[in-house]
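The listed protein sequences correspond, in order, to chains A and B.
Going letter by letter, the first sequence gives residues 1 to 162 in our numbering.
Going letter by letter, the second sequence gives residues 163 to 315 in our numbering.
Backbone N, C-alpha and C define an ideal beta-carbon position, used for all residues, glycine too.
Before any comments, here is the structure.
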Amino acid sequence: MSLLQVCQWLNDTQLATAIRESEIVFPVIETVHVLGIALLAGTVAIVDLRLLGLILKRERVSEVAGQILPLTWVGFAAMLGSGVLLFLAEASKSYYNPAFRFKMLLLVIAGLNPLIFHSTVYRNVSQWDDAATAPWRARLTAYLSLSLWSGIIVAGRAIAYF
Amino acid sequence: MSLLPLFQWAAHTPALAVVRDSKWGFAVVEMVHLLALAALGGTVLVVDLGILGIGFRRRTPGRMERELAPIFVASLIAMVLSGTLLVGAEAMKCYYHPAFRLKMVLFAAAVLFHFTIYRTALGSPSIWSKIWAVASLTLWLAVGLAGRAIGFL
Numbered sequence: 001m002s003l004l005q006v007c008q009w010l011n012d013t014q015l016a017t018a019i020r021e022s023e024i025v026f027p028v029i030e031t032v033h034v035l036g037i038a039l040l041a042g043t044v045a046i047v048d049l050r051l052l053g054l055i056l057k058r059e060r061v062s063e064v065a066g067q068i069l070p071l072t073w074v075g076f077a078a079m080l081g082s083g084v085l086l087f088l089a090e091a092s093k094s095y096y097n098p099a100f101r102f103k104m105l106l107l108v109i110a111g112l113n114p115l116i117f118h119s120t121v122y123r124n125v126s127q128w129d130d131a132a133t134a135p136w137r138a139r140l141t142a143y144l145s146l147s148l149w150s151g152i153i154v155a156g157r158a159i160a161y162f
Numbered sequence: 163m164s165l166l167p168l169f170q171w172a173a174h175t176p177a178l179a180v181v182r183d184s185k186w187g188f189a190v191v192e193m194v195h196l197l198a199l200a201a202l203g204g205t206v207l208v209v210d211l212g213i214l215g216i217g218f219r220r221r222t223p224g225r226m227e228r229e230l231a232p233i234f235v236a237s238l239i240a241m242v243l244s245g246t247l248l249v250g251a252e253a254m255k256c257y258y259h260p261a262f263r264l265k266m267v268l269f270a271a272a273v274l275f276h277f278t279i280y281r282t283a284l285g286s287p288s289i290w291s292k293i294w295a296v297a298s299l300t301l302w303l304a305v306g307l308a309g310r311a312i313g314f315l
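Encoded structure:
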């Protein structure tokens with residue numbers, strides 16, 4: 001079964017049809033998705049800006065990251081849950097939507113970015129935890145993260161225009 | 163004094179033709195509005211949840227708020243500027259739209275609250291600081307909900 005067929009099958013499930021045909025369910029899920037941005041991207045940005053030495057300079061990087069991460073995960077769960085439901089309702093349309101495809105690509109890269117960060121430069125965080133500005137590889141991760149998440153928000157908004 | 167003439171002017175001025183008549187002009191401003199929402203909402207959530215003892219609670223909320231204030235103010239300015247353009251593009255729709263009117267009232271209340279009563283929540287922790295944190299979360303959430311409702315009501 002091709003990816004397109006999977007999308008078409010999802011599109012025709014009862015759940016997807018119910019979301020699509022309801023006048024209130026789709027906008028409500030959309031609203032959750034939009035407000036979840038603040039929790040997910042907003043908290044990610046705070047950690048990124050700390051790495052860049054722009055805010056919370058006197059706090060340890062590991063403390064900022066450790067205390068904010070649970071909020072980020074809650075935001076992630078809200079975004080993923082609402083995002084999957086929105087996708088289901090428009091699965092066939094989404095398959096052909098260039099903005100949707102681009103957004104999925106950016107999401108994959110945005111997921112790999114912290115994986116690489118945590119398994120490399122963040123392992124030695126104790127050596128630069130108190131430094132106002134993190135090492136260049138950590139700063140690169142932060143710039144990438146800010147760009148990727150901004151790109152995801154922009155691409156997400158653009159889905160409606162195709 | 164009625165604001166109707168101002169909205170009528172916005173609906174016809176050539177200065178706003180870029181957002182009014184161009185699909186992508188409007189889309190770009192919408193994207194800026196959303197990006198600023200992430201930053202503004204993020205700072206509000208982190209500070210308010212910190213006051214409630216969730217998430218960032220190692221430092222006093224007051225210090226946290228001072229550190230994040232530049233992001234809050236910058237994103238607030240970005241939201242107002244992009245928001246003004248969005249209203250300019252749909253001036254007459256907005257003027258008569260109940261969700262838009264509600265949003266403006268809630269937004270004024272949220273900003274006023276943020277720079278007055280809310281300050282007292284940033285001092286020593288008490289039951290009142292928690293009440294104000296919940297009030298702040300509720301107000302900003304309501305602004306967001308009313309804003310989203312403009313799109314589909």
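Taking only the alpha-carbon atoms, compute the straight-line gap between T120 of chain A and T31 of chain A and give it to the nearest angstrom.
For the purposes of this step, residue 120 of chain A is taken as the residue at position 120 of the first sequence. For the purposes of this step, residue 31 of chain A is taken as the residue at position 31 of the first sequence. Straight-line Cα distance between these residues: approximately 37 Å.
What are the complete alpha helix (DSSP H) segments, minimum 4 residues, inside the region 191-245 of chain B?
none
Are the beta-carbon atoms of A134 of chain A and L51 of chain A separated by less than 8 Å?
To locate residue 134 of chain A, count along the first sequence from 1; it is residue 134. To locate residue 51 of chain A, count along the first sequence from 1; it is residue 51. Here A134 of chain A is near L51 of chain A, since their CB atoms are less than 8 Å apart.
Any idea what DSSP makes of G317 of chain B, helix, strand or coil?
Outside the displayed range of chain B (163 to 315) lies residue 317 of chain B, so it cannot be described from this structure.
Under 8 Å between C-beta atoms of E227 of chain B and L268 of chain B:
By 1-based counting over the second sequence, the position of residue 227 of chain B is 65. By 1-based counting over the second sequence, the position of residue 268 of chain B is 106. No, these two residues do not count as a Cβ contact at 8 Å.
Determine the direct distance from the alpha carbon of L230 of chain B to that of W136 of chain A, and round the result to whole angstroms.
Within the first sequence, residue 136 of chain A is the residue found at index 136, counting from 1. Within the second sequence, residue 230 of chain B is the residue found at index 68, counting from 1. The alpha-carbon of W136 of chain A is positioned some 23 Å away from that of L230 of chain B.
If you draw a straight line from the alpha carbon of F223 of chain B to that of N97 of chain A, how long is it in whole angstroms?
Position 61 of the second sequence holds residue 223 of chain B. Position 97 of the first sequence holds residue 97 of chain A. Note on identity: in this sequence residue 223 of chain B is Pro, with Phe being the wrong assignment. Straight-line Cα distance between these residues: approximately 43 Å.
R310 of chain B (DSSP reduced to helix, strand or coil)
Against the second sequence, residue 310 of chain B aligns to sequence position 148. It is helical.
Compute the Euclidean distance between the alpha carbons of G217 of chain B and Q5 of chain A, then round it to the nearest angstrom.
The sequence position of residue 217 of chain B within the second sequence is 55, counting from 1. The sequence position of residue 5 of chain A within the first sequence is 5, counting from 1. The C-alpha of Q5 of chain A is placed about 42 Å away from the C-alpha of G217 of chain B.
Could you name the residues of chain B that P27 of chain A contacts, counting a contact when the two beta carbons are closer than 7 Å?
As a working mapping, residue 27 of chain A is identified with position 27 in the first sequence. Against chain B, the beta carbon of P27 of chain A has neighbours under 7 Å at F314, listed in chain order.
Would you kindly work out how many angstroms separate the C-alpha atoms of R123 of chain A and V208 of chain B, rounded to a whole number?
By 1-based counting over the first sequence, the position of residue 123 of chain A is 123. By 1-based counting over the second sequence, the position of residue 208 of chain B is 46. Approximately 25 Å between the Cα atoms of the pair.
What did DSSP end up calling T175 of chain B once you bin it into helix, strand or coil?
Here the question's residue 175 of chain B lines up with position 13 in the second sequence. In this structure, T175 of chain B counts as coil in the three-state DSSP scheme.
Interface partners of T205 of chain B on chain A, CB under 8 Å
The residue you call residue 205 of chain B lines up with position 43 of the second sequence. From the beta-carbon of T205 of chain B, the residues of chain A found nearer than 8 Å are G42 and I46.
Do T72 of chain A and L163 of chain A have their beta-carbon atoms positioned less than 8 Å apart in this structure?
Outside the modelled stretch of chain A, which goes from 1 to 162, sits residue 163 of chain A, for which no answer is possible.
Return the first residue and the last residue of the alpha helix (DSSP H) that L11 of chain A is part of.
Numbered from 1 along the first sequence, position 11 holds the residue referred to as residue 11 of chain A. Reading the sequence as shown, one finds Asn at residue 11 of chain A and not Leu. Where N11 of chain A is concerned, the enclosing alpha helix (DSSP H) stretches over L3 to N11.
Tell me whether A134 of chain A sits in a helix, a strand or coil according to DSSP, three-state version.
To locate residue 134 of chain A, count along the first sequence from 1; it is residue 134. Looking at A134 of chain A - three-state DSSP - the assignment turns out to be coil, as it is neither helix nor strand.
Excluding the 5 residues flanking V25 of chain A on each side, which residues of the same chain have their C-beta closer than 8 Å to its C-beta?
Locating residue 25 of chain A in the first sequence gives position 25, counting from the first residue. Closer than 8 Å at Cβ, skipping near neighbours: A18 and I19.
If the cut is a Cβ gap below 8 Å, which residues of chain B does I37 of chain A touch?
Here the question's residue 37 of chain A lines up with position 37 in the first sequence. Chain B residues near I37 of chain A: L196, L199, A200 and G203.
Within 8 Å, strictly: CB atoms of V273 of chain B and A240 of chain B:
Counting from one through the second sequence, the residue named residue 273 of chain B turns up at place 111. Counting from one through the second sequence, the residue named residue 240 of chain B turns up at place 78. Not in contact: V273 of chain B and A240 of chain B (Cβ atoms no closer than 8 Å).
DSSP-derived helix/strand/coil call for I109 of chain A
In the first sequence, counting from the first residue as 1, residue 109 of chain A sits at position 109. I109 of chain A: helix per DSSP, three-state reduction.
Chain B partners of S150 of chain A, CB-CB under 8 Å?
Mapped onto the first sequence, residue 150 of chain A falls at position 150. Neighbours of S150 of chain A on chain B, chain order: L197.
Minimum Cβ-Cβ distance from P70 of chain A to chain B less than 8 Å:
Working through the first sequence from its first residue, we reach residue 70 of chain A at position 70. Yes, P70 of chain A lies at the interface with chain B (some Cβ there is under 8 Å from its Cβ).
Hey, out of B:L303, B:G309 and B:E252, whose CA is closest to F188 of chain B's CA?
What you label residue 188 of chain B is simply residue 26 of the second sequence in a count that begins at 1. Among B:L303, B:G309 and B:E252, the Cα nearest to that of F188 of chain B is on B:E252.
In angstroms, rounded to a whole number, what distance separates the CA positions of Q67 of chain A and L85 of chain A?
For this step, residue 67 of chain A is matched to residue 67 along the first sequence. For this step, residue 85 of chain A is matched to residue 85 along the first sequence. For the pair Q67 of chain A and L85 of chain A, the Cα-to-Cα distance works out to about 29 Å.
Where R310 of chain B falls, given that 16 or more other Cβ within 10 Å makes a residue buried:
Within the second sequence, numbered from 1, the residue matching residue 310 of chain B stands at position 148. That one is buried.
Identify the contact partners of Y161 of chain A in chain B, using a Cβ-Cβ distance below 8 Å as the criterion.
Looking up residue 161 of chain A in the first sequence gives position 161. Per Cβ cutoff of 8 Å: K185, W186 and A189.
Please determine whether the Cβ atom of L214 of chain B lies at a distance below 7 Å from any heavy atom of the ligand GTP.
This structure does not include the ligand GTP; it has no bound ligands of any sort.
Against chain A: residues of the region 258-273 of chain B by CB proximity under 9 Å
none
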